Each structure stands twice: as structure tokens, then as C-alpha cells.
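*Asks:* Before we start, here is the structure in question, set down as C-alpha cells.
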Amino acid sequence: MVRFENVGVRYGVGPEVLRDINLHIAPGSFQFLTGASGAGKSSLLKLMYLALFPSRGRMEVFGQDLATAHRRDLPALRRRIGVVFQDFRLLQNLSVFDNVALPLRLAGEDEKRTRNNVSELLDWVGLGARLEDSPDTLSGGEQQRVAIARAVISKPNLLLADEPTGNVDDRIAYRLVRLFEELHRSGTAVVVATHNDALVRRFSHPVLTLTDSILHPSIAPASNGASNSAGQAKAKAAEAPAVRRKSG
Ligand SMILES: Nc1ncnc2c1ncn2[C@@H]1O[C@H](COP(=O)(O)OP(=O)(O)O)[C@@H](O)[C@H]1O
Ligand SMILES: [Mg+2]
Numbered sequence: 000m001v002r003f004e005n006v007g008v009r010y011g012v013g014p015e016v017l018r019d020i021n022l023h024i025a026p027g028s029f030q031f032l033t034g035a036s037g038a039g040k041s042s043l044l045k046l047m048y049l050a051l052f053p054s055r056g057r058m059e060v061f062g063q064d065l066a067t068a069h070r071r072d073l074p075a076l077r078r079r080i081g082v083v084f085q086d087f088r089l090l091q092n093l094s095v096f097d098n099v100a101l102p103l104r105l106a107g108e109d110e111k112r113t114r115n116n117v118s119e120l121l122d123w124v125g126l127g128a129r130l131e132d133s134p135d136t137l138s139g140g141e142q143q144r145v146a147i148a149r150a151v152i153s154k155p156n157l158l159l160a161d162e163p164t165g166n167v168d169d170r171i172a173y174r175l176v177r178l179f180e181e182l183h184r185s186g187t188a189v190v191v192a193t194h195n196d197a198l199v200r201r202f203s204h205p206v207l208t209l210t211d212s213i214l215h216p217s218i219a220p221a222s223n224g225a226s227n228s229a230g231q232a233k234a235k236a237a238e239a240p241a242v243r244r245k246s247g
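For the sequence shown, numbering that gives the first Met the number 0 assigns the number 0 to the initial residue and increments by one for each residue that follows.
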């Protein structure tokens, strides 16, 4: 789905901020991406959503080698990727509801189904009472949840979330990761960048760690009790709203 071979990235003439990245994001996988502030998490995600290009090495997205891709090929690749930006990037002249509905409306989805799906999802993230409000009247944590709803509503093949729980309390952070798990269970590959190690430990997913510009794949962190078993995490995720494929 996404493959990196010896990828390096530098901004301008600066030093490489990512070095020798080798990584394969398999369809339907779920991974956390951790690392200290400045370690390169956002840069790695930007590579994956094609907002930044490697300075060296080889990169493939949905089977397309970026070295041979044309500029005109990129929008179609990007449409298959949902992104939760660290700075949200909501449209302030649209209501909360319309921000989340936008990807479905652009894709020409049936309006009645759009209204049902958007309402259900905004209820799930705790914003059912804010549908008609403007994003700029919401707190940081609420805006973050709108951004997440917008990224997941169209069930992308790949979901990339950059510190998606940075502005919410632990209970909501846990609930949001469960929403990502629900999307993952319906077949989406998910990468969640976070520096919240405690949150990562509550789930049993592989963890990629960036240290000194190098990526270290690691096994799932040691869990601290039965509640972290994959089975239980999945059972809990099942309570999240059904994230249906287009055909469903
Ligand atoms: N647009 C940019 N221009 C120059 N340097 C940048 C830019 N974006 C990020 N960097 C640098 O790249 C390194 C990695 O940053 P970033 O990917 O944002 O890390 P993280 O998301 O883990 O905090 C940092 O040293 C940062 O200063
Ligand atoms: Mg970052």
C-alpha cells in the first residue's frame, strides 16, 4: 500500500530530518508512530499523504512509484487517503455538520445517507449538539474531533492522523482510537502519530518509533493487564458506529 526504501528527507539545504527509512504499510494494518517532538513524525506522515517528497530513496503509494508518477496522478492517490492534520484545517465558513459532510458531497454520495452517516458519527464523537455551529466557536478538542470525523467519514484506504488526541482528555482519546480501530476493522490501513505513550500502551498495535531521524519498528508495548488483549480491544471497538463501505 505504502512502501519506503532507503528514503531520506531534508528541508532545503538543512540536514536530513529522516534517514534510511524502510517501511511497508500493509492494507488493513494499524500502527502507532511515536517519537519525541521534532523527531520527524509529521514529516513522515507528509511523505505518505504526498505533501512532501523524498530527497532520496524510493517510495511507492498504492502501487505507484513516485519517481515515475506524473503530477496529474497525485490527486487520485490523495483522494484515497484521509488525513487528520495537527492544526485541524477546518473550513470556518461551513458548519460542523457541513465540514464533515463535505467529502461525501464532493464524492456525489446520496444526501439522505450523507445526513444519517454524518449525524451518527458526530454523535459518536460527542458533538451531536453542535452540528450547526461554526468551528471557530468550538474548543481545540472539539475542533480536533470534527477534523477526525471529516477524515474518517469517507472510509479512505489509508488514514493518517497527526497527534489526533493532542487536545482531548484521556477518556476521549481512548474513544477516538477506538473509532480508528473500527475503521481499521472495515479494511482501512491506519497510522496514528502520537507522543502519548500511555495511550499507546492501552492498545495492542505495532509501534513505529522515530529516534534521531531513524525509524525503529518495534513490537507492541508490554500491556499492563487483560484489558489490553487484542480480543478485548476489538470487542470494545465494535461499539463504535459502523463505518460502512460505499457498497454497504
Ligand atoms: N517546513 C520545514 N522547514 C524546515 N524544517 C522543518 C520543516 N518542517 C519540519 N522541519 C524540521 O524537521 C524536523 C522534524 O519535524 P517534524 O516532522 O515536524 O517532527 P515531529 O512531528 O515529530 O515533531 C524538526 O527538526 C523540524 O524543525
Ligand atoms: Mg508533528
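Just so it is clear, CB atoms sit at the ideal spot from N, CA and C, and this is done for glycine as well. Note that this is a predicted model, so its numbers are computed, not measured.
1) Helix or strand or just coil, what does DSSP make of Leu-157?
2) Exposed or buried, Asp-161, counting other C-beta atoms within 10 Å across all chains shown (16 or more means buried)?
3) Would you kindly check if the distance between the Cβ of Val-99 and the Cβ of Val-145 is under 9 Å?
4) CA-CA distance, Gly-139 and Arg-88?
5) Is Gly-34 near ligand 1 - that is, is its Cβ less than 8 Å away from at least one heavy atom of it?
6) Between Ala-160 and ligand 1, is there a pair consisting of the residue's CB and a ligand heavy atom that are separated by less than 8 Å?
7) Tell me which residue opens and which closes the alpha helix (DSSP H) that Thr-67 is part of.
8) My understanding is that Phe-31 touches Val-151, with C-beta atoms under 8 Å, so please give their C-beta distance in whole angstroms.
9) Spell out a yes or no on whether the stretch 66–77 and the stretch 113–127 are touching, meaning 3 or more CB-CB pairs, one atom from each, closer than 8 Å.
10) Mind reading off the beta-carbon distance from Ala-301 to Ala-25? Whole number of angstroms is fine, and I expect it under 8 Å.
11) Secondary structure at Asp-196, three-state DSSP: helix, strand or coil?
12) Could you tell me the boundaries of the beta strand (DSSP E) in which Ile-80 lies?
13) Could you tell me which residues DSSP puts in a beta bridge with Pro-216?
14) Excluding sequence positions up to five away, which residues of its chain have a Cβ less than 7 Å from the Cβ of Ser-222?
15) What separation, rounded to the nearest whole angstrom, lies between the Cα atoms of Arg-71 and Arg-170?
16) Can you check which of these residues, Glu-108, Gln-142, Arg-57 and Asp-109, is closest to Ser-94 by C-alpha distance?
17) Tell me, which residues are paired with Leu-23 by DSSP?
18) What are the boundary residues of the beta strand (DSSP E) that Thr-113 is part of?
19) Which word fits His-23, buried or exposed, when buried means at least 16 other C-beta atoms lie within 10 angstroms of its C-beta?
20) Out of Arg-129, Ser-133, Asp-122 and Leu-103, state which residue places its alpha-carbon closest to the alpha-carbon of Gln-91.
21) When you compare the CB positions of Val-124 and Leu-159, do they come within less than 9 Å of one another, or not?
22) Distance check for Glu-131 and Ile-20, CA to CA, integer angstroms please.
23) Taking the DSSP output, what are the residues bridged to Met-58?
24) Under a Cβ-count criterion, where at least 16 other Cβ atoms within 10 Å of its own Cβ denotes burial, should Thr-210 be classed as buried or exposed?
25) According to DSSP, simplified to helix, strand and coil, what is Ala-188?
*Replies:* According to the data block:
1) By one-based count along the sequence shown, residue 157 stands at place 158. In the structure shown, Leu-157 sits in a strand (DSSP, three-state: E or B).
2) Taking the first residue of the sequence shown as 1, we reach residue 161 at position 162. Taking every protein chain shown into account, the CB of Asp-161 has 16 or more other CB atoms within 10 angstroms, so this residue is buried.
3) Counted from its first residue, the sequence shown places residue 145 at position 146. Counted from its first residue, the sequence shown places residue 99 at position 100. Contact: yes.
4) Position 140 of the sequence shown, counted from the start, is the residue given in the question as residue 139. Position 89 of the sequence shown, counted from the start, is the residue given in the question as residue 88. Distance between the alpha carbons of Gly-139 and Arg-88: 12 Å.
5) Locating residue 34 in the sequence shown gives position 35, where the first residue counts as 1. At least one heavy atom of ligand 1 is nearer than 8 Å to the Cβ of Gly-34, so yes.
6) Residue 160 sits at position 161 when you count from the first residue of the sequence shown. Every heavy atom of ligand 1 is 8 Å or more from the Cβ of Ala-160, so no.
7) In the sequence shown, counting from the first residue as 1, residue 67 sits at position 68. Counting along the chain, Thr-67 falls outside any alpha helix (DSSP H), and DSSP gives it neither H nor E.
8) Against the sequence shown, residue 31 aligns to sequence position 32. Against the sequence shown, residue 151 aligns to sequence position 152. Taking 8 Å as the upper bound for CB-CB distance, Phe-31 and Val-151 are not in contact here, some 17 Å apart.
9) As far as the Cβ criterion goes, the stretch 66–77 does not touch the stretch 113–127, which means the pair count is below three.
10) Residue 301 cannot be examined here, being either before or after the span of the chain that is shown, 0 to 247.
11) Counting from one through the sequence shown, the residue named residue 196 turns up at place 197. If DSSP states are grouped into helix, strand and coil, Asp-196 belongs with the helices.
12) Within the sequence shown, residue 80 is the residue found at index 81, counting from 1. First-last of the beta strand (DSSP E) with Ile-80: 80–83.
13) One-based indexing of the sequence shown puts residue 216 at position 217. For Pro-216, which the question treats as bridged, DSSP gives the partners Leu-207.
14) As a working note, residue 222 is residue 223 in the sequence shown. Unreliable positioning characterises Ser-222 in this predicted model, as indicated by a pLDDT of 48, which lies under 50. The coordinate reading is nonetheless provided below. Within its own chain, the residues whose Cβ lies closer than 7 Å to the Cβ of Ser-222, once the five positions on either side in sequence are excluded, are Arg-200 and Ser-203, listed in chain order.
15) Here residue 71 refers to the residue found at position 72 of the sequence shown. Here residue 170 refers to the residue found at position 171 of the sequence shown. Put simply, the backbone Cα of Arg-71 is about 42 Å away from that of Arg-170.
16) Within the sequence shown, the letter at position 95 stands for residue 94. Nearest C-alpha to Ser-94: Gln-142.
17) On the sequence shown, position 24 is the one that residue 23 refers to. According to the sequence displayed, residue 23 carries His and not Leu. Under DSSP, the beta-bridge partners assigned to His-23 are Arg-2.
18) As a working mapping, residue 113 is identified with position 114 in the sequence shown. First-last for Thr-113: 110–123, but that is the alpha helix (DSSP H), not the beta strand (DSSP E).
19) For this step, residue 23 is matched to residue 24 along the sequence shown. Answer is exposed; the Cβ neighbour count stays below 16.
20) If you number the sequence shown from 1, residue 91 lands on position 92. Per the C-alpha coordinates, the member of Arg-129, Ser-133, Asp-122 and Leu-103 positioned closest to Gln-91 is Ser-133.
21) In the sequence shown, counting from the first residue as 1, residue 124 sits at position 125. In the sequence shown, counting from the first residue as 1, residue 159 sits at position 160. No, they are not a contact pair.
22) Taking the first residue of the sequence shown as position 1, residue 20 is located at position 21. Taking the first residue of the sequence shown as position 1, residue 131 is located at position 132. Cα to Cα, the separation comes out at about 43 Å.
23) If you number the sequence shown from 1, residue 58 lands on position 59. The partner list for Met-58 (beta bridge, DSSP) reads Phe-3.
24) Taking the sequence shown and counting its residues from 1, one reaches residue 210 at position 211. Counting other Cβ atoms within 10 Å of its Cβ, Thr-210 stays below 16 and is therefore classed as exposed.
25) As a working mapping, residue 188 is identified with position 189 in the sequence shown. In the structure shown, Ala-188 adopts extended strand secondary structure according to DSSP, grouped into three states.
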